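Visitor:
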Amino acid sequence: TAALSIRNLSKTYDNGFEALKGISLEVEQGDFFALLGPNGAGKSTTLGIVSSLVNKSAGEVEVFGHSLDRDKAQAKMCLGVVPQEFNFNQFEKVADIVITQAGYYGIPQAVARERAEFYLKKLGLWDKRNQVSRMLSGGMKRRLMIARALVHEPRVLILDEPTAGVDIELRRSMWSFLREINAAGTTIILTTHYLEEAESLCRNIAIIDHGRIIQNTSVRALLQQL
Ligand code: ADP
Ligand code: ADP
Numbered sequence: 577t578a579a580l581s582i583r584n585l586s587k588t589y590d591n592g593f594e595a596l597k598g599i600s601l602e603v604e605q606g607d608f609f610a611l612l613g614p615n616g617a618g619k620s621t622t623l624g625i626v627s628s629l630v631n632k633s634a635g636e637v638e639v640f641g642h643s644l645d646r647d648k649a650q651a652k653m654c655l656g657v658v659p660q661e662f663n664f665n666q667f668e669k670v671a672d673i674v675i676t677q678a679g680y681y682g683i684p685q686a687v688a689r690e691r692a693e694f695y696l697k698k699l700g701l702w703d704k705r706n707q708v709s710r711m712l713s714g715g716m717k718r719r720l721m722i723a724r725a726l727v728h729e730p731r732v733l734i735l736d737e738p739t740a741g742v743d744i745e746l747r748r749s750m751w752s753f754l755r756e757i758n759a760a761g762t763t764i765i766l767t768t769h770y771l772e773e774a775e776s777l778c779r780n781i782a783i784i785d786h787g788r789i790i791q792n793t794s795v796r797a798l799l800q801q802l
């Protein structure tokens with residue numbers, strides 16, 4: 577089974593705008609996959625539908641064979657999501673944000689605490705564990721979202737523009753962290769509008785423009801064409 581299978585997915589927003597015009601793609605287990613495209617292409621809409629934050633108009637999405645329509649709870653267990661917007665409680669403490677998220681997945685407190693410690697240390701946030709999230713820099717908030725998304729140890733990690741607005745040094749350290757968890761077996765799917773990011777991180781790539789997939793290939797093959 578594919579980690580992610582999308583078939584004929586379309587999305588028309590309430591104002592009548594057709595953001596996705598029937599896209600199909602498959603991401604294999606263990607892949608490091610980029611959805612690349614210019615602003616407004618439909619990347620966030622696609623990831624939003626996969627992570628159940630946006631309703632689709634038509635089509636099918638399966639995560640490890642679990643349909644989002646018929647088997648949503650199972651599909652969501654497989655997914656960790658890092659949206660573009662910071663969406664945590666600004667007044668909650670860093671460690672508590674991660675532990676609270678674990679609770680949504682029924683993870684026992686003791687395990688939640690261990691995992692929060694593990695991921696916050698990995699992401700260089702352990703020193704900040706008792707600060708309220710509002711006090712963090714943008715880059716720290718981004719890393720906190722990654723720690724939170726990993727606390728239930730999902731098989732697929734989805735990141736929407738993870739390094740937008742992040743300085744070059746932090747970008748590199750986030751890249752090496754993502755490589756590490758991919759090497760450990762987590763399938764990674766990210767959106768980006770930087771070809772350079774897709775090129776240096778990813779194995780396979782789909783290029784989306786105006787709500788349509790215009791290329792779907794390996795990064796290596798794409799670079800040979802350029
Ligand atoms: P990307 O992530 O590639 O920048 P998006 O998926 O965010 O693109 O947006 C695709 C298109 O859908 C854009 O033209 C955007 O303006 C439009 N769009 C996004 N959200 C909405 C919405 N809630 N209502 C109407 N149009 C929207
Ligand atoms: P609903 O079931 O009503 O669609 P959810 O419980 O799925 O609402 O989502 C509540 C919030 O939890 C969302 O805003 C989303 O950001 C977050 N969330 C949901 N699933 C995940 C996930 N797998 N990883 C990280 N955050 C998630």
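Residue numbering for the sequence shown follows this note's numbering, starting at 577 and increasing by one per position. Where a beta carbon is used, it is the ideal one built from N, C-alpha and C, also for glycine. As the structure is a prediction and not an experimental result, all values here were calculated from the model.
Please report the straight-line C-alpha distance between L699 and R691, rounded to a whole angstrom.
Guide: Residue mapping note: residue 699 aligns to position 123 of the sequence shown, counting from 1. Residue mapping note: residue 691 aligns to position 115 of the sequence shown, counting from 1. Between L699 and R691, the C-alpha separation is close to 12 Å.
Visitor: So G715 is in the alpha helix (DSSP H); what residue range does that whole segment cover?
Guide: Residue 715 sits at position 139 when you count from the first residue of the sequence shown. Start and end: G714 to L726.
Visitor: What number of angstroms, rounded off, separates the C-alpha of F656 from the C-alpha of E729?
Guide: Here residue 656 is taken as the residue at index 80 of the sequence shown, counted from 1. Here residue 729 is taken as the residue at index 153 of the sequence shown, counted from 1. It is worth fixing the name first, because residue 656 is Gly in this sequence and not Phe. One C-alpha to the other measures close to 8 Å.
Visitor: Could you check what DSSP says for E638 in three-state terms: helix, strand or coil?
Guide: Sequence index remark: in the sequence shown, residue 638 carries index 62 (1-based). Of the three classes helix, strand and coil, the one that applies to E638 here is strand, per DSSP.
Visitor: Taking 8 Å as the cut-off, is the beta-carbon of N615 closer than that to any non-hydrogen atom of ligand 1?
Guide: Here the question's residue 615 lines up with position 39 in the sequence shown. It does: the Cβ of N615 is within 8 Å (strictly closer) of some heavy atom of ligand 1.
Visitor: Relative to the C-alpha of A688, which candidate in G715, F667 and R724 has its C-alpha closest?
Guide: Here residue 688 refers to the residue found at position 112 when the sequence shown is read from its first residue. For the residues G715, F667 and R724, the minimum Cα distance to A688 belongs to R724.
Visitor: So, for S628: in the same chain, excluding its five sequence neighbours on each side, which residues have a beta-carbon less than 7 Å away from its beta-carbon?
Guide: Translated into positions along the sequence shown, residue 628 becomes position 52. Only L644, K648 and K652 meet the Cβ criterion.
Visitor: Below 9 Å between beta carbons: does that hold for L580 and V637?
Guide: Taking the first residue of the sequence shown as position 1, residue 580 is located at position 4. Taking the first residue of the sequence shown as position 1, residue 637 is located at position 61. Yes, these two residues count as a Cβ contact at 9 Å.
Visitor: Assuming I789 and I599 form a contact by the criterion Cβ under 8 Å, report the distance between their Cβ atoms to the nearest whole angstrom.
Guide: Residue mapping note: residue 789 aligns to position 213 of the sequence shown, counting from 1. Residue mapping note: residue 599 aligns to position 23 of the sequence shown, counting from 1. Their Cβ separation, rounded to whole angstroms, is 5 Å, which keeps I789 and I599 in contact under 8 Å.
Visitor: For I744 and E775, what's the separation of their Cα atoms in angstroms?
Guide: To locate residue 744, count along the sequence shown from 1; it is residue 168. To locate residue 775, count along the sequence shown from 1; it is residue 199. Distance between the alpha carbons of I744 and E775 is about 16 Å.
Visitor: Check whether the Cβ of F753 lies closer than 8 Å to any heavy atom of ligand 1, and answer yes or no.
Guide: The residue given as residue 753 occupies position 177 in the sequence shown. The answer is no for F753.
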